[in-house]
Amino acid sequence: MKITLAFIKKEFLQIIRDPSSLIIAFVLPTLLLFIYTYGINLDSANIRLGIKDDDGGQAVAELIKSFEQNRFVTAALYGNREDMYSDLTRSRIQGALTIPSDFSRRLAAGKEAPLLLVADGANINQVAYTQNYVSQIAESWLQRSRFAPAPAAGVNIETRYQYNQNADGRRALVPSSLAVTMTLIGILLTALVVSREWERGTMEALLAANIRPIHIVVGKYVPYFIVGMLSLAFSMFVIIALFRLPFAGSYAVLFLVSALFLYASVGIGLIISSVLHDQLLASMASLILGFLPALMMSGVVFPILSMPSFFRWLTKLLPPTHYVSFIKSEFMAGTVWQNTLASSLFLLLLGFAFSLLVYKKTARRLDA
Amino acid sequence: MEGPNCIEIKNLCKTFANGRNIAVDNLSLTIKKGQTVGLIGADGAGKTTLLRLIDGLLLPDGGFLSVCGLDPVKDKETLAQKIGYMPQKFGLYEDLTVRENLEFYADLKNTGKDFDEMLAFAGLGAFQDRLAGKLSGGMKQKLGLICALTGNPELLLLDEPSVGVDPVSRRELLKMVKETVKNNATLVWSTAYMDEAHGFDTVVVIDKGRVIYQGRPGDLAPDSRSFEEKVIELMGGYQKKESLAAKNFIMPETKCKYTVEAVDLVKRYGDFYAVRNNSFQIKKGEIFGLLGPNGAGKSTSFKMMCGLAKPTSGTARIMGTDIVKNAAAARAHLGYMAQKFSLYPNLSVRQNLEFFAGAYGLYGSREREAVGRMTEIFGFEKSLNDDARDLPLGYKQRLSLACAIMHNPPVLFLDEPTSGVDVITRREFWNHITSLAQKGVTVLITTHFMDEAEFCDRISLFYKGQTIATGTPDRLKEKAGAKTLEEAFVNIILEQREEAA
């Protein structure tokens, strides 16, 4: 016990002395939160749209005004079609809209009136946005204009978003960033510490001293677990107090399940560093095994449902997947007990299996 | 109670890489309690492996091993309480302070924490709140030693504690250790320094994993110089041959009187002067030695002289070319061997040689000729396809030297080329160096071995960034009133310390 405490104390002294661990634990999460809040926007793209008006009528001027006033579209008027297309080629505008000379005449005659939209196909997402915006703006203009057709009977779908009424992507995205942060601390930080002992030769001195594997295992688990939980508390403070994101769930449940997730992550980190005795290799391995799956395969960025079935199945085995789905619902819908318990059980079992492996893999001697 | 023997070893075997690499070969050895033992052996002879087996850090493949009456395999934890072990890298946490390191190791050994006496003993009392990483090499060694001494071990195992340490620190360390083992502890000290080995109760010479001599050092030879000759004889002897490196060397035409000149070199970090007004001139074909304690500024001077570090002021000229103004042209005249092994560890010997040939602008037939020449000179035939990282240290140093001289440079900079290398390889190295100098190559060299420094034509003694004495080895000895260069070195430095205090 005394040895374990000595070990934990030593580890904390090292954490405090080493600015990089504090950066990973506190500066990085803040940075990620800012990027997720202000940098990434999955909802809407701001489109620069070029418009060439061949019609020139009063009604069309109203239409152009609607484009100019829309907050997702920045309209640029062109007098010359060549200029507009050359700007499209140079990516100065993402869409080129041509209003044909007979546009208002055809509408007045009650005929169908086409608009020509050329979009930059290099970015498929943007094409979809451009197309959507243009047709919505044109449609709503039509309803208000004197050409409005008589309302036809039919199905009218009105969408409402459960749990996230404004369909504000940040509310789903920002909590997920916790998963990325906790993975970084759990895996990257811990992966570095054991390999560092090997690299600097202190492991040899430790093994020569009266130290058992259990001391090393507990002595490495506890400090990084505590740092991870502190970092979580810090991130929660930033999210709730500074970004003022609503939180529907229970703090107790959040911290308990996070603790389980951290337990599993620290385990992965310790396994990596007990196998790889080189700090550089250990950090590469933890980025590839820890960070990338947490970002790309947990449903933070890419929806799991749109993955091929093999990968969907694979994501089920990764701790971040369970944690991301838990934390999203905890933030937006409150505790969903059935899912929470299932995820917790999985994380607990995984974490326990990892710690057994860590114990087995912890060196007793230099060669075995 | 346990018998009078502290360590008993019978037919001990240990191999690595699935038996391909035999480190300890059927070795038998008995060490009595309370003895001080110098463990001597060439690099790769099995010294470190033997110490690690005794300590229970490695599992033996076969044989009998008893340490302090215990079996290191079964009773590793109990045994750990009785042994103080200092690995080659000291095992210190660089980001903890001196005191924190001590406290940590004391906690591991479950002993008291009255360190004041120990710290005073190591001369570290004033530095207990300094980070271990910020200590000088000699101080780190002393801290490593007192960490190993916590809990009053019965057996003290020190793995090459004096590698790369200057004579002053080395003397102090040896004195400290002998002081502590007075009260009946057994000491095993592995070393490559013959003069140290000569001061122990017993010496054990091992070669290729076997004990080739065990006995009182005085029985083998009366003094350390002839002791070294005897040890070399035991190891199979060294026959001085004509240096092929010098024979095949093509000395370029030179007209400069001074091939290497340092002109008021200064390197300042903040308000700390690593090097202060360093000036010297070296003639063609001269071997010029830079000597000084760790941290005196030798390596910094070296790096500035070959354009790897920018001087704060002053400059250096290589074959008359200014290193600051025209670094590339000056470096073209230069062969440089760094203190740390700076070849590619995961490239083979051949690939390293080929790479450096290319880096010196040798291609095609000239490259093949240069690589072939180096292979022949240094005997790389058998290991051409081995990764450089797997070579024994002596071979690594040979490869570094090969890469430094393959383009026939008229000036050679060697930064501690023989550190940690066994006596025979050192002899071979100096044969190359002196023969090259006779051909007209100018050599600037740093070393910690005082007997090596005798081979230099002139020596500059470096202390705290300044030259405190220059001259031929005989002049320096005369000036300090000393018989050996080591004594002269210690006297001059202690004199400087007194002046400063």
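So the sequences go chain by chain: G and B.
For what it's worth, the working numbering labels the leading residue of the first sequence as 26, then goes sequentially.
For what it's worth, the working numbering labels the leading residue of the second sequence as 52, then goes sequentially.
From the three backbone atoms N, C-alpha and C, an ideal C-beta is built for every residue, glycine too.
Own chain partners of residue i with C-beta closer than 6 Å, once the 5 adjacent residues on each side are dropped
i      : result
G:A216 : G294, I297, S298, A307, S311
B:R509 : F339, T523
G:V242 : V383, Y384, T387
G:A319 : A204, V205, T208, P345
G:I60  : none
B:A531 : A539, N542, I543
G:V349 : S201, A204, S323, G324, V325
B:K193 : A173
B:M370 : C307, T310, H384
G:E93  : A100
B:Q517 : R327
Closest by C-alpha distance to residue i, when choosing among the options
i      : options                        : result
B:L238 : B:E230, B:Y244, B:P443         : B:E230
B:S106 : B:L175, B:L207, B:N69          : For the record, residue 106 of chain B in the displayed sequence is Asp; it is not Ser. Among B:L175, B:L207, B:N69, the Cα nearest to that of B:D106 is on B:L207.
B:L271 : B:V255, B:E467, B:G260, B:N56  : B:V255
B:C307 : B:R368, B:P268, B:Q290         : B:R368
B:A296 : B:I456, B:K83, B:L90           : B:I456
B:E418 : B:K433, B:G445, B:N459, B:S434 : B:N459
G:L141 : G:R115, G:M109, G:I149         : G:M109
G:L305 : G:P238, G:D145, G:V218, G:L366 : G:V218
B:C454 : B:G163, B:I475, B:L413         : B:L413
B:A504 : B:G516, B:L487, B:R477, B:K515 : B:R477
G:G292 : G:F327, G:G376, G:S260         : G:G376
B:V214 : B:M190, B:L196, B:Y244, B:V232 : B:Y244
B:R181 : B:L285, B:R150, B:E550         : B:R150
B:T81  : B:L101, B:A93, B:D94, B:G95    : B:L101
Pair within 8 Å by beta-carbon distance, residue i and residue j
i      : j      : result
G:S199 : G:L270 : Looking at the sequence shown, residue 199 of chain G is not Ser but Val. Yes; because the gap between Cβ atoms is below 8 Å, this pair is in contact.
B:G491 : B:G336 : yes
B:G260 : B:G97  : yes
G:G75  : G:D43  : no
B:D252 : B:Q86  : yes
B:F513 : B:G343 : yes
G:L372 : G:A277 : no
B:G358 : B:A380 : no
Terminal residues of the beta strand (DSSP E) in which residue i lies
i      : result
B:C507 : From DSSP, B:C507 is part of no beta strand (DSSP E); its letter is neither H nor E.
B:A96  : Segment: none, B:A96 is in no beta strand (DSSP E) and carries neither H nor E.
B:V254 : 253-258
B:D76  : 72-83
B:I60  : 56-67
Residues of its chain near residue i, where Cβ-Cβ distance is below 8 Å and the 5 sequence neighbours each way are ignored
i      : result
B:P123 : L104, I105, D106, G107, L116, L130
B:P396 : D438, A439, R440
B:A360 : K318, T351, K354
B:S451 : M388, A389, F392, S393, L394, P468
G:F316 : V205, T208, L209, I212, L213
Chain-order list of residues whose beta-carbon lies under 7 Å from that of residue i (same chain, five-residue window excluded)
i      : result
B:P138 : D210
B:C119 : E53, C57, L130, K133, E205, L206
G:P248 : I33, E36, F37, I40
G:K353 : A197, P200, S201
G:A273 : F356, M357, A358, G359
B:G195 : M137, F141, G142, L143
B:F67  : A74
G:R337 : I329
B:D76  : C64, K259, G260, R261
Range covered by the alpha helix (DSSP H) that runs through residue i
i      : result
B:M425 : 415-429
B:M245 : 245-248
G:N364 : 362-386
G:R171 : Counting along the chain, G:R171 falls outside any alpha helix (DSSP H), and DSSP gives it neither H nor E.
G:K35  : 27-42
B:F278 : 275-285
B:Y264 : Careful: B:Y264 lies outside any alpha helix (DSSP H), inside the beta strand (DSSP E) at 261-266.
Residue-level contact to chain D via CB, residue i, 8 Å cutoff
i      : result
B:Q192 : No chain D appears in this structure, whose protein chains are G and B.
Threshold first: 3 residues or longer. Then list the beta strand (DSSP E) segments lying entirely within the stretch 185-220 of chain B, N to C. 206-209
Whole beta strand (DSSP E) elements within the stretch 319-362 of chain B, 3-residue minimum: Runs of the beta strand (DSSP E) inside the stretch 319-362 of chain B: 323-334, 338-342.
Segments assigned beta strand (DSSP E), at least 3 residues, entirely inside the stretch 441-471 of chain B: 462-466
Minimum length 4: unbroken alpha helix (DSSP H) runs contained in the stretch 104-169 of chain G: Correct list: 106-114, 128-133, 149-169.
Which ranges would you report for the alpha helix (DSSP H) in the stretch 305-359 of chain G if only whole runs of at least 4 residues count? 317-321, 334-340, 344-357
Report the start-end ranges of each beta strand (DSSP E) in the stretch 123-154 of chain B that is 3 residues or longer and not cut off at the edges. 134-137
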